[in-house]
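Each remark here refers to the structure printed beneath this line.
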Ligand code: TRP
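Numbering (the working numbering), first residue to last: 68 to 524.
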């Protein structure tokens with residue numbers, strides 16, 4: 068074991084920032100609004116918020132516990148806690164998920180580079196809503212440019228990964244988070260003062276319960292796992308860099324609250340504008356990229372706002388791609404005992420291959436579908452809606468049924484030096500509520516619950 072040489076985060080604040088940097092990303096600003104738009108609006112928001120509390124927090128605290136307790140990567144942690152058992156499959160599931168998520172996440176991150184350049188050069192300016200949409204489609208379906216940006220983004224992530232945990236990850240997060248927050252607020256104010264904003268706010272906040280279907284619930288659960296970076300050992304890996312005094316409970320509460328706030332702000336920024344400019348809320352992955360340029364047009368010095376916004380979005384994406392890359396790199400480096408640099412190269416190369424194919428699936432490979440999904444959507448579906456919730460379920464089952472309560476409590480309260488008022492509630496949610504709810508959502512989506520109910524009728 069190489070515990071003693073492992074890096075730690077420089078300060079408690081740094082640990083929280085880096086974890087928040089992992090959670091806050093394209094998941095909040097790009098994926099959340101498009102999922103909500105495609106899944107019935109406010110009803111999705113409601114179920115999402117319920118999932119964050121019932122599933123998100125228990126899984127996050129459990130991942131923190133595993134990482135902080137073992138100081139190992141996602142696979143190594145289970146090998147240490149439960150040697151010779153199949154529990155390490157949770158870690159392998161996570162490492163594979165890291166590759167698959169990066170395989171489509173890097174493509175969208177690449178789009179943010181294109182938009183920074185377009186914003187700078189002024190081509191993002193002076194068009195109507197229809198041309199913003201047409202131009203996005205032309206760009207994303209082209210062959211060369213999006214691939215170049217995808218590869219560039221992977222290399223950028225790679226450079227930060229090999230420069231180490233503290234200097235790379237922590238420093239990047241420290242600058243970006245507050246700035247992103249400020250600009251989101253400005254854009255929200257502009258959006259809600261647009262003509263017709265009420266319609267968007269109603270779509271976002273006023274739930275229509277008839278819209279709730281099993282697939283809406285599955286999507287909201289998937290979004291919870293994706294947005295909070297949970298279910299695949301990412302937070303196990305990050306918590307392995309926590310130091311002895313890091314407060315797990317506070318970190319989990321703060322990161323969850325911040326992440327949820329950013330998603331809600333993103334919704335307030337997007338939906339009034341969507342309705343004002345006559346864009347369809349169900350537009351899909353392009354939603355944010357065709358809506359925001361319209362908002363920038365409505366601001367004085369719009370080009371400047373758009374440059375700053377897309378730079379911040381790229382940075383938010385970067386602190387998330389770093390955390391995904393780190394899961395696979397830490398595993399490869401520590402379990403195969405090869406250098407960090409070599410491990411990082413292997414990961415980057417694998418992700419580039421996936422990234423190229425997912426980028427092409429908006430263009431030349433559009434008609435190559437599996438189960439009706441393009442390669443890009445397939446990667447998203449398999450990870451967010453299957454691998455992460457499954458991983459989260461087994462993490463809860465492991466901590467709930469295999470870990471000694473006393474050891475768990477000692478770790479969560481830093482050997483009794485911190486109070487943990489909610490320990491019993493957390494333990495109950497983690498042991499019973501989260502795994503059962505996740506299992507039921509799966510069964511429901513497969514139509515099995517209906518079949519069982521019908522069987523007994
Ligand atoms: N949570 C990030 C976002 O919202 C993406 C991400 C980073 C992630 N690490 C993860 C998703 C681990 C799932 C698992 O953009």
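In this text, a Cβ means the ideal position worked out from N, Cα and C, and glycines have one as well.
This one's a predicted model, so the numbers in the text were calculated from it and none came from an experiment.
Cβ separation of residue i and residue j, assumed to be a contact under 8 angstroms, to the nearest whole Å
i           : j           : result
residue 90  : residue 406 : Not confirmed; about 29 angstroms, so no contact.
residue 338 : residue 348 : 7 angstroms
residue 225 : residue 390 : Not confirmed; about 14 angstroms, so no contact.
residue 490 : residue 360 : Their Cβ separation, rounded to whole angstroms, is 48 angstroms, which puts residue 490 and residue 360 out of contact at 8 angstroms.
residue 326 : residue 110 : In fact, because the Cβ distance is near 21 angstroms, the residues do not count as touching under 8 angstroms.
residue 377 : residue 183 : 4 angstroms
residue 284 : residue 516 : Between residue 516 and residue 284 the Cβ distance is about 11 angstroms, and since that is not below 8 angstroms, they are no contact.
residue 258 : residue 335 : 7 angstroms
Endpoints, the alpha helix (DSSP H) within which residue i is located
i           : result
residue 224 : 211 to 229
residue 147 : 141 to 148
residue 471 : Note, residue 471: premise wrong, no alpha helix (DSSP H); not H, not E.
residue 404 : From DSSP, residue 404 is part of no alpha helix (DSSP H); its letter is neither H nor E.
residue 306 : 301 to 306
residue 283 : 281 to 295
residue 492 : 490 to 495
residue 119 : Element bounds for residue 119: n/a, residue is neither H nor E.
residue 272 : 264 to 272
residue 178 : 155 to 188
residue 326 : 315 to 343
residue 518 : 515 to 523
residue 511 : 501 to 512
residue 102 : 99 to 105
residue 355 : 354 to 364
residue 447 : 442 to 447
residue 198 : 196 to 208
Sub-8 angstroms separation of residue i and residue j beta-carbons
i           : j           : result
residue 175 : residue 121 : no
residue 467 : residue 497 : yes
residue 316 : residue 80  : no
residue 99  : residue 307 : no
residue 396 : residue 411 : yes
residue 96  : residue 380 : yes
residue 223 : residue 383 : no
residue 128 : residue 493 : yes
residue 267 : residue 331 : no
residue 116 : residue 271 : no
residue 134 : residue 305 : yes
residue 354 : residue 189 : no
residue 313 : residue 82  : yes
residue 241 : residue 385 : no
residue 208 : residue 403 : no
residue 251 : residue 329 : yes
residue 88  : residue 243 : yes
residue 149 : residue 469 : yes
residue 401 : residue 136 : no
Cα-Cα separation between residue i and residue j, rounded to whole angstroms
i           : j           : result
residue 302 : residue 292 : 11 angstroms
residue 351 : residue 465 : 36 angstroms
residue 366 : residue 187 : 16 angstroms
residue 156 : residue 523 : 36 angstroms
residue 455 : residue 333 : 23 angstroms
residue 450 : residue 220 : 21 angstroms
residue 205 : residue 217 : 16 angstroms
residue 511 : residue 434 : 30 angstroms
residue 483 : residue 140 : 26 angstroms
residue 161 : residue 453 : 12 angstroms
residue 151 : residue 144 : 12 angstroms
residue 419 : residue 170 : 7 angstroms
residue 197 : residue 394 : 40 angstroms
residue 159 : residue 166 : 11 angstroms
residue 265 : residue 375 : 27 angstroms
residue 518 : residue 321 : 41 angstroms
residue 70  : residue 123 : Residue placement at residue 70 is poorly supported in this model, since its pLDDT is 40, which falls under 50; the coordinates are not used for a value here.
residue 106 : residue 249 : 28 angstroms
residue 504 : residue 448 : 19 angstroms
residue 506 : residue 463 : 12 angstroms
residue 68  : residue 438 : A caution first: residue 68 carries a pLDDT of 37, below 50, which makes its placement in the model unreliable, though a value can still be read off. Approximately 43 angstroms between the Cα atoms of the pair.
residue 529 : residue 118 : Absent from the model: residue 529. The displayed extent of the chain is 68 to 524, so no value can be given.
residue 210 : residue 290 : 29 angstroms
residue 191 : residue 372 : 12 angstroms
residue 345 : residue 168 : 31 angstroms
residue 262 : residue 362 : 12 angstroms
residue 177 : residue 213 : 6 angstroms
residue 502 : residue 125 : 10 angstroms
residue 203 : residue 358 : 11 angstroms
residue 193 : residue 485 : 56 angstroms
Residue-level contact to chain C via CB, residue i, 8 angstroms cutoff
i           : result
residue 272 : Of the protein chains in the structure, only one exists, and it is not chain C.
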